[in-house]
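Shown next, in structure tokens, is the structure this report addresses.
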Amino acid sequence: MAQPAWQDPEPLALDTAPVPEYGSGSLADLLPTLAAGLEVPGFTAAIPELTPADRNCVFLIDGLGWEQIKAHPDEAPFLHSLLPTSRGGTGRPLTAGFPSTTATSLASVGTGLPPGEHGLPGYTARNPRTGELMNQLRWKPWTEPKAWQPYPTVFQLADAAGVHTAQVSAPMFEQTPLTKIALSGGSFLGRLSGEDRMDVAAQRLAAGDRSLVYTYYSEVDGKGHRFGTDSDAWRGQLMYVDGLARRLAEQLPSRSALYITADHGMIDIPFDEQSRIDFDEDWELSAGVALLGGEGRARHVYAVPGARADVLAVWREVLGEQFWIASRDEAIAAGWFGPTVDERVYGRIGDVVAAAHDDVIITASVNEPHESAMAGVHGSLTPVEQLVPLLEVRS
137 MAQPAWQDPE PLALDTAPVP EYGSGSLADL LPTLAAGLEV PGFTAAIPEL TPADRNCVFL
197 IDGLGWEQIK AHPDEAPFLH SLLPTSRGGT GRPLTAGFPS TTATSLASVG TGLPPGEHGL
257 PGYTARNPRT GELMNQLRWK PWTEPKAWQP YPTVFQLADA AGVHTAQVSA PMFEQTPLTK
317 IALSGGSFLG RLSGEDRMDV AAQRLAAGDR SLVYTYYSEV DGKGHRFGTD SDAWRGQLMY
377 VDGLARRLAE QLPSRSALYI TADHGMIDIP FDEQSRIDFD EDWELSAGVA LLGGEGRARH
437 VYAVPGARAD VLAVWREVLG EQFWIASRDE AIAAGWFGPT VDERVYGRIG DVVAAAHDDV
497 IITASVNEPH ESAMAGVHGS LTPVEQLVPL LEVRS
């Protein structure tokens, strides 16, 4: 039945939000599945479609989601040709997890845990102990890494089990707290050029009878943020990384499996007032809010004491047609952060969680000038942000 014109539209129902495939087809399930195939104690194969290999390499391309590869066969002919191999030959993607953002996803990849357990639930999140917003990508303000994320990484456990384990990435990432708590274990080999990373990753694969190697490239994401995925700069990066993937695939030693994946996709948002809602200029949205965390497509909203219910009601009224708006407990019950949320993580999640449904973001022009100027963004539960490839090459 058509809704009467005078009646206010209903907010988006929370049960219409796609929930990541935690436990069977998310980024958090990839390394545990590979570790199980390498007979590392304590792991089971969470992604049943994958066939074990003696030597496993994960190449993570920051920001290159499933939908972007599908839409660019000319710029990425090699990656596009591998789409039917995704997720063990099913031709299906994985889901990133929520929020679909780098710090959260890399922690899920490296620990094999969903966000509710590893405890990096977004780009920025409140530290319940200090009351400050903590940037989990840049690790500011400084927080003791092991207290923030206490679980061992899959790489550490694989290394302890005798698997030849290595990470090959840009040298600047070697000592970062995010690397320490999410991707450490075995050897770190810093290489500046993408070509060197591919060559060294192949060498490290061949160095052990059982190997687990991770390599990473960031600039597809960087150009997407700055110029958008409809830009020549972004397409140039896509062409370049397509060549890197081919270079690595052509060097695989025997008994190897290469898995090419990503931490999230990306969506371009127009620069207009309808598409970019400025929290810092909106008295209605900011009323009763102590801190605004997360990022434009996935916001953690922390209310001042006593204002939680009012903030939830206002955000639903103002944004409920364009965002899935949930209370903390509703988002947890819906499984957005995984099947369980650790006690230490509970207070890091916003009193209100806003996940974008439409092509819109919540900016903060005063407090987040750099992030507010980005052309391409990500973070929410929509397919363009959430779906990532798991392309496979075997030797």
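The numbering of the sequence shown is this note's numbering, which starts it at 137 and goes up by one.
Virtual Cβ for every residue (Gly too), placed ideally from N, Cα, C.
CB-CB under 7 Å to residue i, same chain, minus the five flanking residues each way: which ones, in chain order?
i: V454; result: E420 and L421
i: Q373; result: E355, V356 and K359
i: Q147; result: The residue asked about is misnamed: residue 147 is Pro in this sequence, not Gln. Closer than 7 Å at Cβ, skipping near neighbours: R452, G456, E457 and I461.
i: R228; result: S222
i: T187; result: G224
To the nearest angstrom, how far is the alpha carbon of residue i from that of residue j?
i: V245; j: R223; result: 15 Å
i: E528; j: L341; result: 15 Å
i: S463; j: V477; result: 14 Å
i: V520; j: Q292; result: 32 Å
i: G322; j: A296; result: 9 Å
i: G515; j: I497; result: 10 Å
i: I317; j: D414; result: 33 Å
i: D416; j: N503; result: 8 Å
i: A157; j: G233; result: One detail in the question is off: residue 157 reads as Glu in this sequence, not Ala. Approximately 8 Å between the Cα atoms of the pair.
i: R371; j: V440; result: 44 Å
i: E507; j: P168; result: 33 Å
i: L215; j: R444; result: 46 Å
i: P235; j: T260; result: 11 Å
i: R382; j: T289; result: 28 Å
i: P95; j: G432; result: Beyond the ends of the chain as shown, which are 137 and 531, falls residue 95; an answer cannot be given.
i: A343; j: T499; result: 47 Å
i: A509; j: G161; result: 33 Å
i: A491; j: R530; result: 37 Å
i: A369; j: F363; result: 7 Å
i: P209; j: I403; result: 18 Å
i: A337; j: A393; result: 12 Å
i: P145; j: L388; result: 55 Å
i: V524; j: F309; result: 23 Å
i: I410; j: A511; result: In the sequence as displayed, the identity of residue 410 is Gln instead of Ile. If you take the alpha carbons of Q410 and A511, they lie about 15 Å apart.
i: A434; j: V489; result: 7 Å
i: V447; j: E386; result: 54 Å
i: L269; j: Y350; result: 30 Å
Quick one: what does DSSP say residue i is sitting in, helix, strand or coil?
i: R530; result: strand
i: G173; result: helix
i: W460; result: strand
i: L200; result: coil
i: Y482; result: helix
i: S222; result: helix
i: D404; result: strand
i: L166; result: helix
i: G515; result: coil
i: L148; result: coil
i: G429; result: strand
i: A434; result: strand
i: S241; result: helix
i: A261; result: strand
i: Y376; result: helix
i: E521; result: helix
i: P156; result: coil
i: I183; result: coil
i: R391; result: coil
i: R228; result: coil
i: D210; result: coil
i: A439; result: strand
i: G471; result: coil
Quick one: what's got a C-beta closer than 6 Å to residue i's C-beta in the same chain, skipping five residues either side?
i: Y438; result: R262, A426, L427, G486 and D487
i: T180; result: A172
i: M137; result: Any reading at M137 is ruled out, since the residue's pLDDT is 44, under 50, leaving its predicted position unreliable.
i: L348; result: N192, A294, V299 and T301
i: L200; result: V356 and A398
i: T226; result: E185
i: Q285; result: H254, G255 and I317
i: W278; result: none
i: P154; result: L517
i: W275; result: P313
i: R346; result: L174, D190 and V299
i: Q522; result: T231, A232 and S236
Spatial neighbours of residue i within its chain, please: CB distance less than 8 Å, with the 5 preceding and 5 following residues excluded, ordered by chain position.
i: L249; result: A164, A243, Y287 and G474
i: V450; result: E420, L421, A423 and G424
i: A121; result: Because the chain is modelled from 137 through 531, residue 121 falls outside the range shown and cannot be assessed.
i: E211; result: R371, L374, M375 and D378
i: S501; result: D414, D416, E417 and S508
Could one say the Cβ of residue i lies closer than 7 Å to chain D's Cβ atoms, at least one of them?
i: K282; result: Included in the structure is just one protein chain, with no chain D present.
List the DSSP bridge partners of residue i.
i: S323; result: A302
i: K276; result: N271
i: I396; result: F195 and L527
i: A491; result: A434 and W460
i: V347; result: Residue identity check: residue 347 is Ser in the sequence provided, not Val. Answer by DSSP bridge pairing, in chain order: R191 and H300.
i: Y353; result: I197
i: R412; result: I497
Touching by the beta-carbon criterion (3+ pairs, under 8 Å), the segment 315-330 and the segment 463-472: These segments do not touch.
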